[in-house]
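J.: Before I ask anything, here is the structure I am working with.
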Amino acid sequence: MAEKLGKGTERFAMHVKGLEMPAYDPRAAKMCGLAFATANRGGDHMTAYIEGPTFMDIPFLCVEYSKIEDPLVENPAEAKVVKDLEDSLAVFDTMGTCKFMGMALATEDWVDMIANCVGWKFDVSDYRKLGERIYNLARAFNVREGLTRADDTLPKRLLEDPMPEGAAQGQVVAKFDEMLDAYYEFRGWDKKTGKPT
Numbered sequence: 122m123a124e125k126l127g128k129g130t131e132r133f134a135m136h137v138k139g140l141e142m143p144a145y146d147p148r149a150a151k152m153c154g155l156a157f158a159t160a161n162r163g164g165d166h167m168t169a170y171i172e173g174p175t176f177m178d179i180p181f182l183c184v185e186y187s188k189i190e191d192p193l194v195e196n197p198a199e200a201k202v203v204k205d206l207e208d209s210l211a212v213f214d215t216m217g218t219c220k221f222m223g224m225a226l227a228t229e230d231w232v233d234m235i236a237n238c239v240g241w242k243f244d245v246s247d248y249r250k251l252g253e254r255i256y257n258l259a260r261a262f263n264v265r266e267g268l269t270r271a272d273d274t275l276p277k278r279l280l281e282d283p284m285p286e287g288a289a290q291g292q293v294v295a296k297f298d299e300m301l302d303a304y305y306e307f308r309g310w311d312k313k314t315g316k317p318t
């Protein structure tokens, strides 16, 4: 709509890769911003379900460590949490179950469920590896369709306009490129292009 209206309205279109963003403002929840920007389908909170560790200290599925120390702080090391949650939920999505169940059942329950469904010997490391493969395959598809690092970003307002009120008053997402570099490094993707290597 903003493209059609023009006259500076593009700045108010809050989307990533054409998908509108959820209600969480990345100026106040920095890792949510990274998760929105790197989600293969766009500004989506269900690809990594980063809200659990960010706001509720809830561990999720087969992620070894999923604590976000302070949502207001941009910590590039926490990009691994985003990556691990994306991988874990990529497998979870293939099962077609509600993501809230990821907080109700233990990791071993999910691993056993998959092993019983497919008839393979399957453990937690297999689960993680499968998730990474699924996520990388989706990324490779997007790269083939023309997606680049430039698409893994947030709306300019979040990077430039300070948060007007609340606990994050005056903040922007200032270290986004540093967090994205760390994320690409954890993924093993090329930092310049965003391509899986």
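Here the working numbering is used: the first residue of the sequence shown is 122, the next is one more, and so on.
Every residue, glycine too, gets a C-beta built ideally from N, C-alpha and C.
Since this is a predicted model, take the numbers as computed values, not measurements.
Report yes if the C-beta distance between K204 and R308 is below 9 Å; otherwise report no.
T.: In this structure, R308 lies closer than 9 Å to K204 by Cβ.
J.: Among the residues of its own chain, which have a CB less than 8 Å from the CB of N149, if the five just before and after it don't count?
T.: It should be noted that the sequence gives Ala, not Asn, for residue 149. Here the set comprises P192, L193, M284, G287, A288, A289 and Q292.
J.: Exposed or buried, what is L126 when buried is set at 16 or more other beta-carbons lying within 10 Å of its beta-carbon?
T.: By the neighbour-count rule (16 or more Cβ atoms within 10 Å), L126 is not buried but exposed.
J.: Taking Cβ positions, are G315 and L268 nearer each other than 9 Å?
T.: Going by C-beta atoms, G315 is nearer than 9 Å to L268.
J.: Skipping 5 residues on each side, what residues in its chain have a beta carbon closer than 7 Å to that of N257?
T.: P317.
J.: For the alpha helix (DSSP H) containing N237, list its first residue and its last residue.
T.: First-last of the alpha helix (DSSP H) with N237: T228 to V239.
J.: So the candidates are K128, E124 and G164; which of them puts its Cα closest to the Cα of L279?
T.: It is G164 whose Cα lies nearest to the Cα of L279.
J.: Who are the near neighbours of R132 in its chain, counting only those whose CB is closer than 7 Å to its CB and skipping five residues on each side?
T.: Closer than 7 Å at the Cβ level, and outside the excluded window around R132, lie K277 and R278.
J.: For a minimum of 4 consecutive residues, which ranges assigned as the alpha helix (DSSP H) are wholly contained in the stretch 242 to 291?
T.: List check, alpha helix (DSSP H) in window: 245 to 265 and 277 to 281.
J.: Alpha helix (DSSP H) containing L206: first to last residue?
T.: Note, L206: alpha helix (DSSP H), A200 to M216.
J.: What first and last residue would you give for the alpha helix (DSSP H) that runs through T318?
T.: That residue, T318, is in no alpha helix (DSSP H); it is neither H nor E in DSSP.
J.: Would DSSP call L126 helix, strand or coil?
T.: Helix, per DSSP.
J.: Of all the options P143, E190, I255 and K312, which has the alpha carbon lying nearest to the alpha carbon of L210?
T.: Measuring from the Cα of L210, the nearest candidate turns out to be I255.
J.: Tell me the rounded alpha-carbon separation between D298 and P197.
T.: About 9 Å.
J.: So who's on the other strand from V137, going by DSSP bridges?
T.: Looking at the DSSP assignment, V137 forms a beta bridge with L140.
J.: Specify, as a first and last residue, the run of the alpha helix (DSSP H) that K158 falls within.
T.: The amino acid occupying residue 158 in the given sequence is Ala; Lys does not appear at that position. Where A158 is concerned, the enclosing alpha helix (DSSP H) stretches over K151 to T159.
J.: Just confirm the distance between the C-beta atoms of Y248 and V232, as a whole number of angstroms; I'd bet it's less than 8 Å.
T.: Yes, they are in contact, since the Cβ atoms of Y248 and V232 sit about 5 Å apart, within 8 Å.
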